[in-house]
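Q: Chains as they are written, first to last, in my numbering: chain A, 220 to 496; chain B, 143 to 304.
So that we are looking at the same thing, I have put the structure below in structure tokens.
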Amino acid sequence: MKRKGELTTQQLVTLIILIVSFGIILFLIFNLGLGETTNKEICHNSVLLKSKSVVGGVLDCKINYVCISGGGKCEGFNEDYTLDIDMNLKPTEKKTKEDLIKEEIMKAIANEMADCWWMFGEGKVDYVKGIDWSKITGKKVCAICSRIKFDSEIKELGSIDSSFFKKTLIDSKKGGDTYFYYLYGIHDVSKVNFEDIDLGEEYIVLTGVAKKGFFGAAKDIDNWLLTGVDLLNSWIPYFKEHKMADYNDKEYGPLPVTIKKKEDIDKLTCTDFITKA
Amino acid sequence: MKNRRGFLLAEETLKIVIALICISFLIYLLTSLYFKNKDSKDLELAKASLEHLVNEINAKAPSVEIYNPKGWVIGVWPHDTTKRIWYYLFLLSETKIGLPKYCENLGWDRCICICKKDDQDKCDDLGFCLESDSKIEGGAIEIEKPPITLKIDGGEITKVAK
Numbered sequence: 220m221k222r223k224g225e226l227t228t229q230q231l232v233t234l235i236i237l238i239v240s241f242g243i244i245l246f247l248i249f250n251l252g253l254g255e256t257t258n259k260e261i262c263h264n265s266v267l268l269k270s271k272s273v274v275g276g277v278l279d280c281k282i283n284y285v286c287i288s289g290g291g292k293c294e295g296f297n298e299d300y301t302l303d304i305d306m307n308l309k310p311t312e313k314k315t316k317e318d319l320i321k322e323e324i325m326k327a328i329a330n331e332m333a334d335c336w337w338m339f340g341e342g343k344v345d346y347v348k349g350i351d352w353s354k355i356t357g358k359k360v361c362a363i364c365s366r367i368k369f370d371s372e373i374k375e376l377g378s379i380d381s382s383f384f385k386k387t388l389i390d391s392k393k394g395g396d397t398y399f400y401y402l403y404g405i406h407d408v409s410k411v412n413f414e415d416i417d418l419g420e421e422y423i424v425l426t427g428v429a430k431k432g433f434f435g436a437a438k439d440i441d442n443w444l445l446t447g448v449d450l451l452n453s454w455i456p457y458f459k460e461h462k463m464a465d466y467n468d469k470e471y472g473p474l475p476v477t478i479k480k481k482e483d484i485d486k487l488t489c490t491d492f493i494t495k496a
Numbered sequence: 143m144k145n146r147r148g149f150l151l152a153e154e155t156l157k158i159v160i161a162l163i164c165i166s167f168l169i170y171l172l173t174s175l176y177f178k179n180k181d182s183k184d185l186e187l188a189k190a191s192l193e194h195l196v197n198e199i200n201a202k203a204p205s206v207e208i209y210n211p212k213g214w215v216i217g218v219w220p221h222d223t224t225k226r227i228w229y230y231l232f233l234l235s236e237t238k239i240g241l242p243k244y245c246e247n248l249g250w251d252r253c254i255c256i257c258k259k260d261d262q263d264k265c266d267d268l269g270f271c272l273e274s275d276s277k278i279e280g281g282a283i284e285i286e287k288p289p290i291t292l293k294i295d296g297g298e299i300t301k302v303a304k
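Okay, structure coming up:
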């Protein structure tokens with residue numbers, strides 16, 4: 220006999236399914252790192268808005284403090300988020316365990332670089348436009364996207380060779396193409412130079428814009444990718460196709476995303492930094 | 143009436159004077175608009191930089207990098223200095239530099255501020271402060287040629303030479 224108010228099996232199952240589904244949705248919301256994406260999206264939107272605005276809007280881009288961890292903490296570093304690296308990878312016939320771990324680290328860095336390039340409009344938008352003294356003197360505006368530090372377990376791996384880094388950028392896919400092509404618009408890896416990555420040091424991922432002034436010379440960008448500005452202009456398609464129209468030949472346009480040791484930031488001779496601390 | 147060649151009539155002179163006044167006013171208006179806009183953008187950067195600095199102090203980080211805004215000053219208040227006004231050899235007044243109104247109104251005894259100028263009054267006009275017991279030798283550090291590295295040693299902030 221069915222009593223009034225009693226739950227049927229069907230109702231009970233539906234209720235359980237609903238509660239479990241709700242739990243799964245909550246788990247996904249809190250574990251997908253939506254906050255981290257939001258900061259990058261806010262930045263990307265502000266960059267686009269500024270490029271479209273006649274009077275020049277406000278950039279809302281924040282430096283991401285990233286800890287690349289093999290299980291420990293990055294000491295003396297208040298990270299915004301941690302990128303975990305699996306230190307227990309199984310070696311294959313072609314690759315040692317250390318190579319596989321280093322590849323994971325490089326992929327994490329490549330992702331940060333790709334995000335940076337995307338946040339600042341992939342070299343297609345002018346996010347530093349506006350009237351200021353630099354119209355006369357020239358400027359090199361730097362946009363720091365991320366500061367990267369490694370934990371003690373990763374530090375023990377020593378350093379990563381620049382050729383290994385290049386290889387990871389070529390082997391890893393971003394959309395339909397390689398990370399290397401996405402970042403630099405070319406397939407010829409010999410034209411881009413990186414320094415070795417010392418895992419004991421702190422690194423900065425940055426992009427920027429260099430503009431030549433009316434009288435002054437363009438700010439020196441020799442240290443950007445270890446190559447001269449004219450060479451840079453000649454090989455990066457972004458410079459040719461998306462050269463900003465204001466001054467035509469007086470512009471040098473967007474600087475490709477790069478990674479630099481924190482100590483070496485002064486060598487880049489940035490005139491301004493536009494990202495928030 | 144004869145209008146001689148090359149002679150400026152009073153009416154034309156008046157027109158030129160009025161035009162000059164209008165152009166000057168327009169230039170003033172545009173310049174002040176530009177600086178107002180730039181200052182508000184810099185203030186946003188300043189807020190983020192100071193919040194980052196205080197977070198790092200609280201987290202007992204050994205050092206911190208400050209990237210912007212260029213030319214602004216980070217100072218702790220009250221400065222342990224006195225303001226003296228001299229008239230040749232005569233000391234007219236001597237006052238201990240107090241807190242910016244920003245901190246005073248919030249009831250803070252000590253605060254750390256980031257301002258466009260290292261001046262108590264100007265800090266109220268264009269600056270941002272947070273409560274802090276930190277100390278800076280000489281009271282203030284200018285963000286010249288960024289990035290600057292600040293060493294934090296038990297609440298004592300010093301600028302690291304490049």
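Positions of the beta carbon are idealized from the N, C-alpha and C atoms, including for glycine.
(1) By the three-class DSSP mapping on this structure, what secondary structure does B/A303 have?
(2) When you measure from the CB of A/K392 to every non-hydrogen atom of the ligand GDP, does any distance come out below 6 Å?
(3) Would you list the one or two residues that DSSP bridges to B/I256?
(4) Beta-carbon of A/K480 versus every beta-carbon of chain B: anything under 7 Å?
(5) Is the beta carbon of B/D266 closer than 7 Å to that of B/A282?
(6) Would you please verify whether the beta carbon of A/F492 is less than 7 Å from any beta carbon of chain B?
(7) Step through the CB atoms of chain B and report whether any lies within less than 7 Å of the CB of A/V277.
(8) When the Cα of A/S382 is compared with those of A/F413, A/K359, A/Y398 and A/K316, which residue comes out closest?
(9) Just reading off the alpha helix (DSSP H) that B/D181 is part of, what are its end residues?
(10) Check the Cβ-Cβ distances between B/A190 and every residue of chain D, and say whether any is below 7 Å.
(11) For a cutoff of 7 Å on Cβ pairs, would you count A/A333 as touching chain B?
(12) Closest Cβ-Cβ distance between A/N297 and chain B: below 7 Å?
(13) Are the C-beta of A/I484 and some C-beta of chain B separated by less than 7 Å?
(14) List, in chain order, every chain B residue whose beta-carbon is nearer than 8 Å to that of A/I363.
(15) In terms of residue numbering, what span does the beta strand (DSSP E) encompassing A/V428 cover?
(16) Which of the residues in the region 169–193 of chain B, read from start to end, lie with their CB under 7 Å from any CB of chain A?
(17) At a CB-CB cut-off below 9 Å, which residues of chain A make contact with B/K304?
A: In brief:
(1) The residue given as residue 303 of chain B occupies position 161 in the second sequence. The answer is coil: DSSP assigns B/A303 none of H, G, I, E or B.
(2) Judged by which ligands are present, the structure shown has none, so any question about the ligand GDP falls away.
(3) Here residue 256 of chain B refers to the residue found at position 114 of the second sequence. DSSP lists B/I216 and B/F270 as partners of B/I256.
(4) As a first step, residue 480 of chain A is located in the first sequence; it is residue number 261 there, counting from the start. With 7 Å as the cut-off, A/K480 does not count as an interface residue toward chain B.
(5) Your numbering for residue 282 of chain B matches position 140 in the second sequence. Your numbering for residue 266 of chain B matches position 124 in the second sequence. Contact flag unset, no.
(6) Residue 492 of chain A sits at position 273 when you count from the first residue of the first sequence. It does; some Cβ of chain B falls within 7 Å.
(7) If you number the first sequence from 1, residue 277 of chain A lands on position 58. Closer than 7 Å to some Cβ of chain B, the Cβ of A/V277 qualifies, so yes.
(8) If you number the first sequence from 1, residue 382 of chain A lands on position 163. Considering only A/F413, A/K359, A/Y398 and A/K316, the residue with the shortest C-alpha distance to A/S382 is A/F413.
(9) Here residue 181 of chain B refers to the residue found at position 39 of the second sequence. Where B/D181 is concerned, the enclosing alpha helix (DSSP H) stretches over A152 to N200.
(10) Chain labels in this structure do not include chain D; the protein chains are A and B.
(11) Taking the first sequence and counting its residues from 1, one reaches residue 333 of chain A at position 114. Not a single CB atom of chain B sits nearer than 7 Å to the CB of A/A333.
(12) For the purposes of this step, residue 297 of chain A is taken as residue 78 along the first sequence, with counting starting at 1. Among the residues facing chain B, A/N297 is included, as its CB has a counterpart in that chain under 7 Å away.
(13) Along the first sequence, read from residue 1 onward, the residue named residue 484 of chain A stands at position 265. So yes, A/I484 belongs to the interface.
(14) Numbered from its first residue, the first sequence carries residue 363 of chain A at position 144. Residues of chain B passing the Cβ test: Y209.
(15) Indexing the first sequence from 1 puts residue 428 of chain A at position 209. Residues Y422 to K430.
(16) Residues passing the 7 Å Cβ filter: Y176, K183, E186, L187, A190 and S191.
(17) Counting from one through the second sequence, the residue named residue 304 of chain B turns up at place 162. Residues of chain A passing the Cβ test: D485.
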